[in-house]
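Residue numbers (my numbering): 13 to 434.
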């Protein structure tokens, strides 16, 4: 208690700096989920993707990032164990932010798309299990996260495979691809509008104080889907092409239609991502601020100080602008060759998986979802279409994220205890 009252301001400043560093890492690494497929399929240039992501990620983080956030992200550890020693929880959260931020910096430099959620969870588990007691960790939830490494990419991959193969059968492998595109693409547009609005409603708007029950959420999503399909149909019908033009020209125009779709899905994914994943940086920071302001009292929910959300939003935007290109290149070009139709299949599959996971409570990483979806699209063209060396590196980086986050966090935790003579 004495440490919190004596060094409270210093601890908050440290937490703010490392929280910003963690948000920077989220921008550098995780935003590629929303933008990688659009860049890889040439629907957007890197510059356009960065500008769009900056706007929608910041909007998601700031508008829907949560007025109140759970003190302990995902309920991984029991905060009641820290009632007598709140200073240990403060040290732990600061260590976790620095550890997760450092790992994201290393992974982003190497171009590895890793999970920011798993990075912060690994870091929190590390300091709690070794620095305090293994009994306060909810090991069952850790098991669920490890299981999600297989389940999440598999679900997303299967859905992406199905969407891509349906587009091949209904549009690309027919005698009149453009005519069939005009017929079937509005259906894909409905699906995209439906899924993207559902992701935004379920993962974003609840933080702004807009709460919808399941029926209302689905009803709203259906309306948005129909509107998107109608607008899309209007624009597609305006495309004029010479019927005598060769099939290749028809294919090019069909891909242009999917490219427009991809820009819409990328914006929605960026907003939903910003609203959801900014909590990985601001959750531990909000916990530190709450404990210091209440002189050591630990609440299960921490109200956010006014400056925390903008700090997280700016961190994400800066990380993306400075370092985002490397991971965008891995997702967009490294795994398999993407066209707008393939990229759209991957993004729609990722959004669908996020909706399924939200409904079932499955612990999910947007990174693993999107990588799985891109793999599914690649598999639809045969194993030779995949760069297995890149895939191997990505899988290894996923597996080592939890232990590396834990190890770094333990190291920083003991360093902080030493610095403050605890």
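In this text, a Cβ means the ideal position worked out from N, Cα and C, and glycines have one as well. Fair warning: this is a prediction, and the values are worked out from it, not measured in the lab.
message = Measuring only the C-alpha atoms, how far is residue 208 from residue 19?
response = Translated into the one-based positions of the chain shown, residue 208 becomes position 196. Translated into the one-based positions of the chain shown, residue 19 becomes position 7. When rounded, the distance between both Cα atoms is 45 Å.
inquiry  = With H, G and I counted as helix, E and B as strand and the rest as coil, what does DSSP make of residue 89?
reply    = Within the chain shown, residue 89 is the residue found at index 77, counting from 1. Residue 89: strand per DSSP, three-state reduction.
query = In three-state DSSP terms, what is residue 383?
reply = Position 371 of the chain shown, counted from the first residue, corresponds to residue 383. Note: residue 383 maps to helix in three-state DSSP.
query = Which two residues bound the contiguous alpha helix (DSSP H) that contains residue 293?
reply = Within the chain shown, the letter at position 281 stands for residue 293. Taken as a continuous stretch (DSSP letters only), the alpha helix (DSSP H) holding residue 293 covers 291-305.
message = Run through the DSSP bridge pairs and tell me what residue 149 is partnered with.
response = By one-based count along the chain shown, residue 149 stands at place 137. Partner(s): 89.
request  = Please report the residue range of the alpha helix (DSSP H) in which residue 338 lies.
outcome  = As a working note, residue 338 is residue 326 in the chain shown. Residues 337-341.
query = Do the stretch 123-139 and the stretch 348-357 touch if we need at least three Cβ pairs shorter than 8 Å?
reply = no
message = Rounded to whole angstroms, what is the Cα-Cα separation between residue 406 and residue 399?
response = Looking up residue 406 in the chain shown gives position 394. Looking up residue 399 in the chain shown gives position 387. If I take the Cα positions, the gap works out to 11 Å.
request  = Please report the residue range of the alpha helix (DSSP H) in which residue 410 lies.
outcome  = To locate residue 410, count along the chain shown from 1; it is residue 398. From DSSP, the alpha helix (DSSP H) with residue 410 extends over 400-431.
Three-pair Cβ contact test at 8 Å for the stretch 315-327 versus the stretch 236-243 = no
key: Own chain, CB closer than 6 Å to residue 363, minus 5 neighbours either side, in chain order   = Along the chain shown, one-based indexing puts residue 363 at 351. Hits under 6 Å: 207, 208, 211.
ask   = Comparing alpha-carbon positions, which option in 33, 101, 39, 32 lies nearest residue 16?
value = The sequence position of residue 16 within the chain shown is 4, counting from 1. Cα-wise, what sits closest to residue 16 is 101.
message = Please classify residue 62 as buried or exposed, where buried requires at least 16 other C-beta atoms within 10 Å of its C-beta.
response = Locating residue 62 in the chain shown gives position 50, counting from the first residue. Residue 62 is buried by the Cβ-count criterion.
task = Give the DSSP-derived three-state secondary structure of residue 264 in the structure shown.
result = Position 252 of the chain shown, counted from the first residue, corresponds to residue 264. Residue 264: helix per DSSP, three-state reduction.
key: Cβ neighbour criterion (16 or more within 10 Å) applied to residue 354   = What you label residue 354 is simply residue 342 of the chain shown in a count that begins at 1. Classification of residue 354: buried, given that the 10 Å Cβ count is 16 or more.
key: Simplified DSSP assignment, three categories, for residue 15   = Counting from 1 along the chain shown, the entry for residue 15 is found at position 3. Residue 15 falls in the helix class under three-state DSSP.
inquiry  = With the cut-off set at 8 Å, would you say residue 285 and residue 69 are in Cβ contact?
reply    = Walking along the chain shown from the start, residue 285 turns up at place 273. Walking along the chain shown from the start, residue 69 turns up at place 57. For residue 285 and residue 69, yes; Cβs fall inside 8 Å.
inquiry  = Which same chain residues end up closer than 6 Å to residue 281 when comparing Cβ atoms and leaving out the 5 residues on each side of it in sequence?
reply    = Taking the chain shown and counting its residues from 1, the one referred to as residue 281 is at position 269. Excluding positions up to five away in sequence, the list reads 46.
request  = Can you give me the start and stop residues for the alpha helix (DSSP H) that residue 344 sits inside?
outcome  = Taking the chain shown and counting its residues from 1, one reaches residue 344 at position 332. Counting along the chain, residue 344 falls outside any alpha helix (DSSP H), and DSSP gives it neither H nor E.
ask   = So, is residue 437 buried or exposed, given that buried needs 16 or more other C-beta atoms within 10 angstroms?
value = Past the boundaries of the shown model lies residue 437; the chain is included only from 13 to 434, so the question cannot be answered.
task = Specify whether the stretch 28-44 and the stretch 106-123 touch according to this definition: at least 3 beta carbon pairs, one from each stretch, less than 8 Å apart.
result = yes
message = Residues in the same chain with beta-carbon distance under 6 Å from residue 110, minus the five sequence neighbours each way, listed in chain order, please.
response = Position 98 of the chain shown holds residue 110. Excluding sequence neighbours, residue 110 sits near 30, 424.
query = How close, in whole Å, do the beta carbons of residue 288 and residue 52 come, if the pair is a contact with beta carbons under 8 Å?
reply = Stepping through the chain shown from its first residue, residue 288 is reached at position 276. Stepping through the chain shown from its first residue, residue 52 is reached at position 40. That pair is no contact at about 23 Å.
task = Would you decide whether residue 242 is buried or exposed? Buried here means 16 or more other CB atoms lie within 10 Å of its CB.
result = Taking the first residue of the chain shown as position 1, residue 242 is located at position 230. Answer is exposed; the Cβ neighbour count stays below 16.
key: Sequence-distant residues of the same chain with beta carbon closer than 8 Å to residue 415, five excluded per side   = The residue given as residue 415 occupies position 403 in the chain shown. For residue 415, where only same-chain residues beyond five positions count, the Cβ hits under 8 Å are 134.
key: Inter-residue Cα distance where the pair is residue 184 and residue 263   = Mapped onto the chain shown, residue 184 falls at position 172. Mapped onto the chain shown, residue 263 falls at position 251. Distance between the alpha carbons of residue 184 and residue 263: 7 Å.
message = Please report the distance separating the alpha-carbon of residue 151 from that of residue 142.
response = Numbered from its first residue, the chain shown carries residue 151 at position 139. Numbered from its first residue, the chain shown carries residue 142 at position 130. Their Cα atoms are separated by approximately 14 Å.
request  = My understanding is that residue 365 touches residue 42, with C-beta atoms under 8 Å, so please give their C-beta distance in whole angstroms.
outcome  = Stepping through the chain shown from its first residue, residue 365 is reached at position 353. Stepping through the chain shown from its first residue, residue 42 is reached at position 30. Not confirmed; about 16 Å, so no contact.
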